[in-house]
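First up is the structure itself, then whatever we jot down about it.
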Amino acid sequence: MNKELLGIVKHKTEAYRGWKQGQVVWEEYRETVQAARDQVRKAKALIELNLARDVKGNKKSFYRYVSDKRKMRENVGPLWNETGDLVTWDMEKAEVLNDFFASVFTGKGSSHATQT
Numbered sequence: 001m002n003k004e005l006l007g008i009v010k011h012k013t014e015a016y017r018g019w020k021q022g023q024v025v026w027e028e029y030r031e032t033v034q035a036a037r038d039q040v041r042k043a044k045a046l047i048e049l050n051l052a053r054d055v056k057g058n059k060k061s062f063y064r065y066v067s068d069k070r071k072m073r074e075n076v077g078p079l080w081n082e083t084g085d086l087v088t089w090d091m092e093k094a095e096v097l098n099d100f101f102a103s104v105f106t107g108k109g110s111s112h113a114t115q116t
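What follows is the structure, given as structure tokens:
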């Protein structure tokens, strides 16, 4: 990221903070977010275009970029179940998530908390 793009992202963060505190109106915040998103999207596209163009001469940077894109998050952090207990085991986490999504799709209300 260049300095201009970092400044835009910083301005977006400041606009969010100002909106949460009531100092910035919603429309101004949305314009800032959309402009920042557009600039980041264009910068990513330019980086990918340059990587694709220079792949014959610089294979290492291309493969590093691809390997970074392929990395996935392997674990799910601890969750709270309906009784308020912290769940850390994988099978228990699967049951908590299954109960939550089953209640979402069946329309039953649930008091599940989000991941901590």
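Numbering (full-length UniProt numbering), first residue to last: 1 to 116.
Virtual Cβ for every residue (Gly too), placed ideally from N, Cα, C.
| Query | Result |
| --- | --- |
| Could you check where the alpha helix (DSSP H) with W26 kicks off and where it finishes? | 26-53 |
| Can you tell me whether DSSP reads G89 as helix, strand or coil? | Residue identity check: residue 89 is Trp in the sequence provided, not Gly. Of the three classes helix, strand and coil, the one that applies to W89 here is coil, per DSSP. |
| State the Cα-Cα distance for the pair F62 and V55, rounded to the nearest angstrom. | 6 Å |
| Measuring CB to CB, does K12 end up less than 8 Å from V33? | yes |
| Tell me whether T116 is buried or exposed, calling it buried when 16 or more other Cβ atoms sit within 10 Å of its Cβ. | Low per-residue confidence applies at T116: pLDDT is 48, beneath 50, and the placement is therefore not dependable, though the value from the model is reported in the following sentence. Result: exposed. |
| Between L86 and the rest of its own chain, which residues show a CB-CB distance below 7 Å, the 5 nearest in sequence each way excluded? | P78, W80 |
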